[in-house]
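Trainee: Quick note on numbering: the sequence shown equals residues 46 to 170 in this note's numbering. C-beta: ideal position from N, C-alpha, C; glycine also.
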Amino acid sequence: MQESKTSADELIALIIQGVDEVKGQNVNLLDLREIENTVCDYFIVCNGTSNTHVNAIVGSIQKTVSKAIQDKPWHVEGEDNAEWVLMDYVNVVVHVFQKQVREFYDIEGLWGDAKFTTIESSVNQ
Numbered sequence: 046m047q048e049s050k051t052s053a054d055e056l057i058a059l060i061i062q063g064v065d066e067v068k069g070q071n072v073n074l075l076d077l078r079e080i081e082n083t084v085c086d087y088f089i090v091c092n093g094t095s096n097t098h099v100n101a102i103v104g105s106i107q108k109t110v111s112k113a114i115q116d117k118p119w120h121v122e123g124e125d126n127a128e129w130v131l132m133d134y135v136n137v138v139v140h141v142f143q144k145q146v147r148e149f150y151d152i153e154g155l156w157g158d159a160k161f162t163t164i165e166s167s168v169n170q
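(1) Let's see if you can read the secondary structure: which residues bound the alpha helix (DSSP H) around Q107?
(2) Work out the CA separation of S105 and T97 for me, nearest whole Å.
(3) Would the beta-carbon of V164 fall within 8 Å of that of V72?
(4) Once you ignore the five residues that flank Q62 on each side, which residues in its own chain have a CB closer than 8 Å to its CB?
(5) Applying the criterion that 16 or more other CB atoms from any shown protein chain within 10 Å of the CB defines a buried residue, is F149 buried or exposed?
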């Protein structure tokens, strides 16, 4: 199930823009393409300060991506408690955490073989 109407780079840029618009924190991009048997090509990981902030980040990502390229996530999980929301855009999976939950699950540590890029925010944290 491959969607090629939009490049992964464009989708990633739009997702990061959506995170940035509502002051999402500590944004990291993990490139998983050189790791065998992965479910997607990229993870984007960020965190918010509360469940309200996490939901705002998720909403901003959906709005930004939908408005620019008329795409929506294939699946979204975790919005009810908003401690960890996963947004599946097929080749790009977004993880939006509350800070303490992110530290506990340590996605970046679990995927330590991935190419890791820290995304600088245009907003002062």
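Mentor: The structure says:
(1) First-last of the alpha helix (DSSP H) with Q107: 96-114.
(2) Cα to Cα, the separation comes out at about 12 Å.
(3) As written in the sequence, residue 164 is Ile, which differs from the Val given in the question. Cβ distance < 8 Å, so I164 and V72 count as in contact.
(4) Around Q62: T109.
(5) The residue is exposed, with fewer than 16 neighbouring Cβ atoms inside 10 Å.
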